[in-house]
Every structure is written in C-alpha cells, then in structure tokens.
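Notes follow the structure.
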Amino acid sequence: MLVYPLLFRLSSALLPLTIAFTTYLYLYPYFHDCHFPAPGQNAHHVFDNCTFEDDVLRSYYSNPQVAPFRLLALGDPQLEGDTSLPAAPKYQFPGLRQLGTCLLSGRPFLALDGLQSGVHDIVNEILRGLGYIRKQIDLVGNDYYLAHQYRALHWYTKPTHVTVLGDLLGSQWIGDKEFERRSTRFWHRVFKGASLAPQGLLKEYAEPTFVRAKGEIDDDQSKYKREKTVEMLGASPEWSKRIINVAGNHDIGYAGDIDENRISRFEKQFGPVNGDIHFTLPLQQCNLSHPPLFPPTLRLIVLNTMNLDSPAFESKPQQITYKFINSLIDTSSPVGDDTTATILLTHIPLHKEAGTCVDSPLFTYFPGEGGGIKEQNMISKDLSKQAILHGIFGKNLDPFAPAGGMGRGGIILTGHDHEGCDVYHYGFKNNTEWYAKRWNSKETKEAMADGDVPGIREVTVRSMMGEFGGHAGLVSAWFDLDQGKWQIEVGGCDLGVQHWWWAVHIIDFIAIIIWIMTVAVWLVEVKMAPHFLQKMKKWVQTKIAEEQERMSGRLNGMMNMKMNLGRNGGYNPGVRRKPHGSL
Numbered sequence: 417m418l419v420y421p422l423l424f425r426l427s428s429a430l431l432p433l434t435i436a437f438t439t440y441l442y443l444y445p446y447f448h449d450c451h452f453p454a455p456g457q458n459a460h461h462v463f464d465n466c467t468f469e470d471d472v473l474r475s476y477y478s479n480p481q482v483a484p485f486r487l488l489a490l491g492d493p494q495l496e497g498d499t500s501l502p503a504a505p506k507y508q509f510p511g512l513r514q515l516g517t518c519l520l521s522g523r524p525f526l527a528l529d530g531l532q533s534g535v536h537d538i539v540n541e542i543l544r545g546l547g548y549i550r551k552q553i554d555l556v557g558n559d560y561y562l563a564h565q566y567r568a569l570h571w572y573t574k575p576t577h578v579t580v581l582g583d584l585l586g587s588q589w590i591g592d593k594e595f596e597r598r599s600t601r602f603w604h605r606v607f608k609g610a611s612l613a614p615q616g617l618l619k620e621y622a623e624p625t626f627v628r629a630k631g632e633i634d635d636d637q638s639k640y641k642r643e644k645t646v647e648m649l650g651a652s653p654e655w656s657k658r659i660i661n662v663a664g665n666h667d668i669g670y671a672g673d674i675d676e677n678r679i680s681r682f683e684k685q686f687g688p689v690n691g692d693i694h695f696t697l698p699l700q701q702c703n704l705s706h707p708p709l710f711p712p713t714l715r716l717i718v719l720n721t722m723n724l725d726s727p728a729f730e731s732k733p734q735q736i737t738y739k740f741i742n743s744l745i746d747t748s749s750p751v752g753d754d755t756t757a758t759i760l761l762t763h764i765p766l767h768k769e770a771g772t773c774v775d776s777p778l779f780t781y782f783p784g785e786g787g788g789i790k791e792q793n794m795i796s797k798d799l800s801k802q803a804i805l806h807g808i809f810g811k812n813l814d815p816f817a818p819a820g821g822m823g824r825g826g827i828i829l830t831g832h833d834h835e836g837c838d839v840y841h842y843g844f845k846n847n848t849e850w851y852a853k854r855w856n857s858k859e860t861k862e863a864m865a866d867g868d869v870p871g872i873r874e875v876t877v878r879s880m881m882g883e884f885g886g887h888a889g890l891v892s893a894w895f896d897l898d899q900g901k902w903q904i905e906v907g908g909c910d911l912g913v914q915h916w917w918w919a920v921h922i923i924d925f926i927a928i929i930i931w932i933m934t935v936a937v938w939l940v941e942v943k944m945a946p947h948f949l950q951k952m953k954k955w956v957q958t959k960i961a962e963e964q965e966r967m968s969g970r971l972n973g974m975m976n977m978k979m980n981l982g983r984n985g986g987y988n989p990g991v992r993r994k995p996h997g998s999l
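If you count the sequence shown from 1, you need to add 416 to reach the numbering used here.
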C-alpha cells in the first residue's frame, strides 16, 4: 500500500487552513479594522494650503485626512525571566540510592520500598524537567507574541510615535544581570528595530544652577529658567522607530522601595523617568487667512508617578519628581491657550471611586523602614487633584481662577490596571469634589456638553499581554482651525489571546512537517521507486540470464566431455578392459 496518497490528501486539507489562519494572524490589523482616528472629511485642515520646501515635511503632511500625530500606546508587557521559572530539576534520586544501599547491605526485603521510591523520584524529576522546559519555551513564545503585535501594528497603522506605559519588565526585585538580560530581550526581540530616544531629547529635570563668570555656582532658583525642548512635528521621521518608555512599579518599584540604583539602571536602558518635549506645527509655510496667534503645540510629558505619594523609601528621587512637576507648571503655556495641548504619559492612574474601573483605590505599606508604600492601585485623591489636574493641566473649580478654571487641553494616558479603563475627570464650579465617570456614560456626556465644567479624559490602556487580548491604544491628535484647538481621539486594536498565536504556529509547524514528508514520500514512491524497481527488475533479469547462461555452459561442457570420452575409447562401464601388458 502506497503512503503518498494518504499524505497528499492530508497535506491538501491542511494547506487552505494554514494559509487562512496564518494570513488572518499576520494581517489581523486589517481584518480587525485597526486604524488611528482621523480628522474626517468635513474638518477644516491646517495643511490644505501649505507649500513645504522640505521633502521630509512635504511627505509627512501629504495626506490631510490623516492625523499628523499618531501615538501607538502599549501597556504593561511585563517581560518575565528567571524569577518566573520553576525550580530546575536536580536529577537526584534518593530512592535509587536507598535501593542500592539495601541490596549491598544484604537486606533485600527492604529493596521493594527503595524501588518504589526510586521510580517515584524518576517520575517526579522527569515531570519537573518538562515543566521547566515548558516555561522556558513559554517565555520565548511570549516575547514573539508581543513582538508580533508591535510589528504588525507598526507596519499597518504607521504611527508617528510609540510609547510603552510602564511595567516593561516583570519584577523590580531582579538583580542587575537579569535586568540586563530582560532589557536585551526588550530591544532585540520584542521591539526589534526600535531604538531609545537620544539622550537629552526628552528634557529632564536639572537642579537649578547659575554659573557666574568666575565659575561659582549660585543656587538661587529665581535665576534659573528651565529651557524647553522644541521640535517641529514631522521634521524627524525617526520618531516612529523610537520608544518613549514610562517607568512602572515592576521596573523601579513603588515609593516604599524605589532607590537611586533602580532609577539609574532603568534610565540607562530605557530613558528618563521624567521628561518632556514640545512638538510644533510648521505653519510658517502655510497660507492661512486667520492663523493662530501662537504656533499650535503638542506637549508630551513623561512623568514618574511611582514616588508621587508618601511615605517614600528615599526622599531624593521623590523630591526630583516634585521639582520636575513644578518646572512643568513654570514652563507651561497660559491656561486658556487652546493652541497648546498636553499629552501626559504615566503609569499609575488617577484616583477614582471604587467600581468606576476594575481596580479600586488601594494602598498597602511596609511595616518597617518608615512604612513606605508597598503597593498602590491609584494616585491618592489629593495628589491626583493638586499635582495633575490643578498643577499640570491648570483645572480649577474656582470660578474666579484664570480662564474660568477650564485649564489646558489634553489627555492622560496611563497603564497599571491591566483590564484598562476610559474615564472623564470633571468637577463643578464652587465645589471641591472631582468626579471620574466612564467615557461613554450619561454623566460624561452632560459634563462635556456644559461649556462651564472643567474636565479631562484619562485612558488607562489595557495590557498588551496575551491574557488580556493583546490590546494596543491608537491615539490621534490634530489641530482644528474652526475650533482653534487640538482634537485628541483614542481608538484601539486587539490581537487576541496568546493561545490563538500559539495554535496558528503549531498548526503551521505540523503542516510543514507533513508537507516535507509528503514530498519525501512522493520522491521515493512516485519518482524514484518506479525507476528503482525497473532497474532492480532489469538487474534481476540480467542476473538470472547470466546464471542460466552459466548453467547452460556447464551442462554443454559436461556433454561435450562425455562425447569426447566415448570417441576416444574412454571409460565404458559395460566393457571390461584388459590390464596393460596382458596377453
């Protein structure tokens, strides 16, 4: 019975399935209709009447229907490593040693117990070894699952900027060598082809100093003005391949265990924990009838909120965070200036009442060393209001505050809550309470419809881990000339659980093996076998003919010899011959 027909039918059945599944997996952004929100057909676009001399800018703004700022936001990849591996098998078998001891000591009646223990040890060690290998394979597969998300979305949606909103790694307690290993996996496997923003590009906080002509240093802060980092949006296409990283609790710890060493090693590999940059629109080459008074600007802020609350293990890193927030306020645009919008990137979400999102407010503390924060789900209520809403965004419930308390426009993007959440923070004038309601809720729609209610949207981006469906946030920003302010919209895209990714690749692997076997069997049974059998048949026939000819030759020889003996008076059994010399 030939095997090839069976393998051919099996491989033919697998072929369309593997093509369909693999195509769907690798083009999932297309099938899921993943795209950045766009300004729309009816919007009055800034760049409809612009003539750019620079080829880079001309290409960047060539399509007015596409938002000029498109941020791919990814949350909490949490690369695991040696801390997640089970104990490696030691391959020690005390039961077998007991068996040998019993046999050598002349106590064979105890050997049965030793044999049972030995078999038990062998089974346990084999199972432990398989579990260890399975987890190692799982870690590698998880890296490639995350990498698949990044590559597919980056290729299909074409973001201008990319951010990872904290918890890049899986534990803040790992040693420096393991930190290096996971960092290498992050850059060379998960986000292969991406790079860190050049040092100094994100303006970090620096201690206020003033250098006199003689070289003395004056610590008078009133003489210091933190300079802004300003860049024209679109002038550096390299931003699409740079990763703006945010520090999370699994990267540097919570306030109760953050130290300068953890921050230093994070910044060496992933960039500053605090920093900001301003992106301006190049309107000087645009023919606008009513140009804005100031160039429209997007301010991108990376903020370390891991030590915003107290008590903290080390005061110096916390003081740097506080000073950085104060410097942000000092260098912010005036409240009410809608030509500037702020996009805040941080890890811990702002305070919300229990039930608003999956996570509820939670604080736990270490029992010793000052009782530092051990764990927290959200920023405290007071600091959410004072540092973020009031400070960075200038929101105020005092009706006599500048710009009526409406503050600055923008959006807050956070991580930490793996389930994700989308809320609107708002408050009513002459009140002290801030509320957070779901983005699509009735309360949010009513608050946004009231032009006298300050508020801002916060999107906690769902984790990109397989357990949470491989989610990614798609954030678009564009300047609306009709309204004279920035519009910021958020979309999303999900790959699906990691089991789907594993299943497709396992099916592909099995299909490839079967196709290879099919080809091999086809070569043997269809191509090689007939020729081989024909040659074997010919060889056998030749050998048989040669043997027949040889036997025939021997028979002929014997007959000829017999005839010759008869003619020459040779031996004749019927004739008695006389002896030689007889009479």
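Backbone N, C-alpha and C define an ideal beta-carbon position, used for all residues, glycine too.
Given a threshold of 16 other Cβ atoms within 10 Å of its Cβ, counted over all protein chains shown, does G836 qualify as buried or as exposed?
Answer is buried; the Cβ neighbour count reaches 16.
Could you tell me if P698 is buried or exposed, where buried requires 16 or more neighbouring beta carbons within 10 angstroms of its beta carbon?
When all chains shown are included, P698 counts as buried.
Using a Cβ-Cβ cut-off of 7 Å (strictly less than) and excluding sequence neighbours within five positions of T434, which residues of its own chain qualify?
Excluding its 5 nearest sequence neighbours in each direction, T434 has C-beta neighbours in its own chain below 7 Å: I923, D924 and A927, listed in chain order.
Neighbourhood of M880 by C-beta distance below 8 Å, restricted to the same chain and skipping five residues each side
The residues are L490, G491, D492, P493, L562, Q565, G886, H887 and A888.
Report back the beta-carbon spacing between G664 and H767 to the nearest angstrom; my notes put them in contact at under 8 Å.
At roughly 18 Å, the Cβ-Cβ gap does not stay under 8 Å, so G664 and H767 are not in contact.
Output yes or no for whether 8 Å exceeds the beta carbon distance between G1010 and H451.
Not covered by the structure: residue 1010. The range shown for the chain is 417 to 999.
Between the alpha carbons of K797 and G820, how many angstroms are there, rounded?
Rounded to the nearest angstrom, the two C-alpha atoms are 23 Å apart.
With which residues is T758 paired in a DSSP beta bridge?
BP columns for T758 point to R715 and G826.
Tell me the DSSP secondary structure of E654 in three-state form.
Reduced to three states, the DSSP call for E654 is helix.
Determine the extent of the beta strand (DSSP E) in which K732 is found, giving its start and end residues.
First-last for K732: S731 to D746, but that is the alpha helix (DSSP H), not the beta strand (DSSP E).
Cβ-based burial, L799 [other Cβ within 10 Å; buried from 16]:
When all chains shown are included, L799 counts as buried.
Inspect the CB distances between the region 771-791 and the region 655-675 and report whether three or more fall short of 8 Å.
Contact between the region 771-791 and the region 655-675 is established, with three or more Cβ pairs separated by less than 8 Å.
For F809, I'd like the list of residues in its chain whose CB is within less than 7 Å of its CB, leaving aside the five on either flank, ordered along the chain.
Closer than 7 Å at the Cβ level, and outside the excluded window around F809, lie T758, G823, R824, G826 and I872.
Under the assumption that F686 contacts L612 (Cβ atoms under 8 Å), give the Cβ distance between them as a whole number of angstroms.
The pair is a contact, with the Cβ atoms about 7 Å apart (cut-off 8 Å).
Between the region 778-786 and the region 749-756, do three or more beta carbon pairs fall short of 8 Å?
When C-beta atoms of the region 778-786 are compared with those of the region 749-756, fewer than three pairs fall below 8 Å, so the two segments do not count as touching.
C-alpha distance - V627 paired with V646, whole-angstrom precision
Residue placement at V627 is flagged as unreliable, the pLDDT there being 43, under the threshold of 50; the coordinate-derived value follows with that caveat. C-alpha separation (whole angstroms): 24 Å.
Going along the chain, which residues of its own chain have a beta-carbon closer than 7 Å to the beta-carbon of H806, five neighbours each way excluded?
So the list reads N812, once near-sequence residues are dropped.
Classify T576 as helix, strand or coil using the three-state DSSP reduction.
Collapsing the DSSP output to three states places T576 in coil.
For C414, which of F447, E469 and R425 has the nearest alpha-carbon?
There is no way to answer for residue 414, as the model of the chain reaches only from 417 to 999.
N- and C-terminal bounds of the alpha helix (DSSP H) containing S680:
Residues E676 to F686.
I'd like to know if the region 670-679 and the region 727-734 are in contact, where contact means that at least 3 CB-CB pairs between them fall below 8 Å.
Flag = yes, the region 670-679 and the region 727-734 touch.
H666 bridges to which residues according to DSSP?
Beta-bridge pairing links H666 to no other residue.
What residue does the alpha helix (DSSP H) around R400 start on, and which one ends it?
Nothing about residue 400 can be read from this structure; the chain reaches only from 417 to 999.
Is the separation between the beta-carbon of L423 and that of V937 shorter than 8 Å?
Their beta carbons are under 8 Å apart, which means L423 touches V937 by this criterion.
Could you please give the first and the last residue of the uninterrupted beta strand (DSSP E) stretch that includes I872?
Unbroken beta strand (DSSP E) run through I872: G871 to T876.
Can you tell me the Cα-Cα spacing of D896 and T756, whole angstroms?
In a straight line, the C-alpha of D896 is about 12 Å away from that of T756.
Is Q565 helix, strand or coil by DSSP?
Here Q565 sits in helix by DSSP.
Ends of the beta strand (DSSP E) at Q914?
Taken as a continuous stretch (DSSP letters only), Q914 belongs to no beta strand (DSSP E), being part of the alpha helix (DSSP H) at Q914 to W938.
Mind checking whether L716 and I693 have CB atoms under 8 Å apart?
Taking 8 Å as the cut-off, the Cβ atoms of L716 and I693 count as close.
Among W855, I929, Q481 and E496, the one whose alpha carbon lies nearest that of S587
Of the candidates W855, I929, Q481 and E496, the one whose C-alpha sits nearest the C-alpha of S587 is E496.
Rounded straight-line distance, which links the Cα of P575 to that of W931:
For W931 and P575, the distance between alpha carbons rounds to 38 Å.
Helix, strand or coil: which one does DSSP assign to N661?
The answer is strand: DSSP assigns N661 an E or B state.
Given a threshold of 16 other Cβ atoms within 10 Å of its Cβ, counted over all protein chains shown, does N479 qualify as buried or as exposed?
Answer is exposed; the Cβ neighbour count stays below 16.
Coil, strand or helix - G547 by DSSP
The answer is helix: DSSP assigns G547 an H, G or I state.
Looking only at its own chain, which residues have a Cβ that is under 6 Å from the Cβ of G786, when we skip the five neighbours before and after it?
Taken in chain order, the residues that qualify are P727.
With L488 as the anchor, note down where its beta strand (DSSP E) starts and where it stops.
For L488, the uninterrupted beta strand (DSSP E) segment begins and ends at F485 to L490.
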